[in-house]
Amino acid sequence: MNVLTQIRRNDQPIYLDYQATTPMDPRVLEAMMPYFTYKFGNPHSRSHSYGWEAEEGVEKARGQVAKLIGADEKEVIFTSGATESNNLAIRGIAEFYKDRKNHIVTTVTEHKCVLDTCRHLEQQGFEVTYLPVQKNGLIDLDALRAAVTDKTVVVSIMAVNNEIGVIQPLAEIGKICREKKAFFHTDAAQAAGKIPLDVEAMNIDLMSISGHKIYGPKGIGALYVRRKPRVRLVPLIVGGGQERGFRSGTLPTPLCVGLGEAAEIAMKEMDAESKRLAKLQARMLKGLNDKLTDIHVNGDLDHRIPGNLNIGFAYVEGESLMMGIKGLSVSSGSACTSASLEPSYVLRALGVEEDMAHTSLRIGLGRFTTEQEVDTAVDELVRHVNKLRAMSPLWEMAQEGVDIKSIEWAAH
Amino acid sequence: MSAFAYLDHNATSPLRPAAFDAMVEALRAGGNPSSVHRAGRAARSRVDAARRHVAALIGALPAEIVFASGGTEANNMAIAGSGRQRVLASAVEHDSVLKSAPDAEIIPVDREGVVDLAALERLLVRHGEPALVSVMLANNETGVLQPIADVVRLARQAGALVHCDAVQAAGKVRVDLHGLGVDYLSLSAHKLGGPTGVGAMAIRSGAPFAPDRRGGGQESNRRAGTENVAGIAGFGAAAEASRDGLAVEGLRDRLERSLLAIAPDARAFGAGAPRLGNTSCISMPGVKAETQVMALDLAGLCVSAGAACSSGKVHRSAVLAAMGVEDAVAETAIRISFGWNTDSDDIERLIAAWRDLYTRVSQSDIRQARAA
């Protein structure tokens, strides 16, 4: 299948930011089309066939999403995206069980919407433990075991990190949570459709999913809510009582259908696509390593999705590099915070020093990335890194054997 | 003539062609509006253009518009975000207002479904706690328009903030955020020919607002979450196409005159009050709404027995009950609502099907009476 021509015109930069968002798969768009036009009914209209037809589309999609994560379709509710799913899961469960439990465990490298929700709950009187991560970005399971108490209502740990792509040991985390009788929520926005997920085998009670990270549309996501044993939530959005009362509002049928189709395609193609991306990832890394010294991959390389690289180019300012490589669309971190120039809190949590964090780029590979694009990207990166290093006095000193860290900078 | 006449636009309106085109273009282009690279900037400019169109539809500034996942979320956001603990809401508000303020004090409506301003005034002065008043612009079941300017005047005297659910009104009648003087105004795209899954809240500049959704700083820190770019683009195009409102009042009046001529005992609810030109809530004496809806569906006509929300449970209309309509009459009322693609053929077809049903039922009643 060569859909590349439909995705990117020749005059556009090469898209290497698949963790920010993914282009829609044309097959997804095709599945959505009828629901924009002649199947436009309100899926909650029970009195006529337009409504039934829309409902059928929604329910098929619910089944497709459920299948991707080994859930029952009754356990999947649609939301407006992973941010809403994360807000609903953590706040909803904390508020429901607040009379019995008041403690939440999460990690310092979660997405901002998880961290901000936890901070809000702290202001409401909850206690939150922010687990550190190891140098490779993975949590220490013993530290988790020690942190969970009989007051812990939920452990929220992301499946795959959005900046460094590392995969947390979900099955082990789930086991600890089950033993300690705490609920387990995982933000799987970057994981669903990319790595095998099974809510039963991994003892996951709540899972957040995003449409636009898996070649589906924006404005749609899902939350898996376990039914046996039943997990209860206080809803964030109330009204007509749709989605088993967890989430009111008219369901956007075409978006639900798009998410379902995206989930089915991702599941069908996961094995082959992972292998293909692993080759591209290795090719990119080898290309850079062959031609550049002093580069460093942030985060564990083995426990990582193949569609991500996060690389520090020592002695090069990440922002300057990004400005230089005009033919490539990459980012210096999460898209939500990419307009700010602050160094990434994820990289700092790995113990990456601030000067090195500033030199890092997130490179996302995906379904429409080709070998040729990877080669072009390597060439362009090498050229600009070399150019910037040639202008850098620090690079010059380092080449002369000066230990940069020993320099005492004069105060201005 | 098409196989179906869709006359349930207050539940959802089919996507306007301009909205469809804008969405397909945005879906193909992709991009996260928060990304700084070119793909991100292109997505950002689509969102900004749509924001201008939606703002223009309601006389707001683009910066006053916050995109959300729909009217329900917008209503929830306004009520929680106002920071006011005391809420006064009309008896005919949508569930997304009433359920997000379960302790709201209820402002009654009169027999035509219009809020009782004297009652509002009494509630406002009852005690001094600053309140939020939530009154919709147009009702989803009857189309009755509320005197928002008067509501605002009374609220201001008492130091209250005002939220107005304009989900059913926008794109059908002129809506002016600053002319009305409300602090918060909710919109839904799919009620005016835009896509489902997107809506907006206008926050008058200067009105207090505490965001409820936490995460990335999207929508100027007022609503976190990656923007639904295609949905927003479709909303913008639909808003632009709806700016002149709907001119279907003539069709509606013809429909009601015809139905009342067929069955003089039929009642058009809220007809004595100013209301949207696209909505008719009308009873067929002695025939349950569900029966009518099914019979009309078989005849290729889509109408509804009330609001489309929730799980399809048949329960009596809270709106008609608030207007003092007896249960036995309320359960014979259906809602017929027109939109941008309704034409006079649809109306003729509905009149014919309604007449057939009514005649059939009355004749069988007569036969039964004779047999007895």
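The listed protein sequences correspond, in order, to chains X and Y.
To get the working numbering, take the position in the first sequence, counting from 1, and add 61.
To get the working numbering, take the position in the second sequence, counting from 1, and add 1046.
Note that the Cβ used here is the ideal one computed from N, Cα and C, for glycine as well.
For THR311 (chain X) and LEU382 (chain X), the gap between their C-alpha atoms comes out near 45 Å.
Take ALA1126 (chain Y), set aside five residues on each side of it, and the residues of its chain with a beta-carbon closer than 7 Å to its own are SER1146, ASP1258, in chain order. Excluding its 5 nearest sequence neighbours in each direction, GLU116 (chain X) has C-beta neighbours in its own chain below 6 Å: PRO104, listed in chain order. Looking at the backbone, the Cα of TYR406 (chain X) and that of VAL1093 (chain Y) are separated by about 28 Å.
Within a 10 Å sphere around the beta-carbon of LEU1061 (chain Y) sit 16 or more other beta-carbons, which makes this residue buried.
Among the residues facing chain X, PRO1254 (chain Y) is not included, as its CB has no counterpart in that chain under 9 Å away. With contacts defined by Cβ atoms closer than 9 Å, LEU338 (chain X) and THR213 (chain X) do not form a contacting pair. Distances from the CA of MET1182 (chain Y) to each of Y:ARG1157, Y:PRO1148, Y:ASP1141, Y:GLY1174 were compared; the closest alpha carbon is that of Y:ASP1141. Interface criterion not met: the Cβ of ILE270 (chain X) is under 9 Å from no Cβ in chain Y. Leaving aside the five residues that flank GLY302 (chain X) on each side, the residues in its chain whose CB is nearer than 7 Å to its CB run, in chain order, SER309.
THR1325 (chain Y) places its beta carbon 9 Å or farther from that of SER1232 (chain Y). With respect to the C-alpha of LYS236 (chain X), the residue from X:ILE225, X:VAL260, X:ALA249 having the closest C-alpha is X:VAL260. For the segment 1383-1394 of chain Y, no residue has a beta-carbon sitting nearer than 7 Å to a beta-carbon of chain X. Listed along the chain, the chain X residues whose CB falls inside 7 Å of the CB of SER1350 (chain Y) are SER106, SER108.
In the DSSP assignment, ASN371 (chain X) falls within the unbroken beta strand (DSSP E) covering 369-374. Proximity of ASN371 (chain X) to chain Y, defined by a Cβ-Cβ separation below 9 Å, is not satisfied. Not flagged as an interface residue toward chain Y: MET345 (chain X), since no C-beta distance is shorter than 9 Å. Here the segment 1233-1241 of chain Y makes no contact with the segment 1295-1312 of chain Y; the two share fewer than three CB pairs at distances below 8 Å.
For ASN1324 (chain Y), not one C-beta of chain X is nearer than 9 Å to its own C-beta.
Taken through DSSP and simplified to helix, strand or coil, ILE218 (chain X) comes out as coil.
With the criterion set as a beta carbon lying under 8 Å from some beta carbon of chain Y, the members of the segment 307-323 of chain X are SER309, GLY310, THR311, LEU312, PRO313, THR314, PRO315, LEU316, in sequence order.
In the three-state reduction of the DSSP assignment, ASP363 (chain X) falls in the coil class.
At a C-beta separation below 8 Å, MET1069 (chain Y) has these neighbours in chain X: PHE97.
Inside the segment 113-187 of chain X, DSSP marks whole beta strand (DSSP E) runs of 3 or more residues at positions 137-140, 164-168, from first to last along the chain.
In the three-state reduction of the DSSP assignment, VAL439 (chain X) falls in the helix class, which pools H, G and I. When DSSP reads this structure, TYR76 (chain X) sits in a beta bridge with X:SER390.
With distances taken between CA atoms, ARG1362 (chain Y) lies nearest to Y:GLU1187 out of Y:ARG1268, Y:GLU1187, Y:VAL1219, Y:GLY1105. With a 10 Å radius around the Cβ and a threshold of 16 neighbouring Cβ atoms, ILE1412 (chain Y) comes out exposed. ASP266 (chain X) and VAL216 (chain X) have their C-alpha atoms some 10 Å from each other. In this structure, the beta-carbon distance from ILE298 (chain X) to THR1272 (chain Y) does not fall below 9 Å.
Close partners of HIS246 (chain X) in chain Y (Cβ separation under 8 Å) are lacking, with about 15 Å as the shortest Cβ gap.
With 16 or more other Cβ atoms from the protein chains shown falling within 10 Å of its own Cβ, ARG1381 (chain Y) counts as buried. Non-local C-beta neighbours of ARG1157 (chain Y) in its own chain, meaning closer than 7 Å and more than five positions away in sequence, comprise MET1369, GLY1370, ordered along the chain. Here GLY1280 (chain Y) has ALA1065, ALA1068, MET1069, GLY1240, PRO1241 as same chain residues with Cβ atoms under 6 Å from its own Cβ, once five neighbours each way along the sequence are excluded.
Among the CB atoms of chain Y, one or more fall inside 9 Å of the CB of ALA143 (chain X). Counted as a single uninterrupted DSSP element, the alpha helix (DSSP H) harbouring GLY1127 (chain Y) occupies residues 1117-1127.
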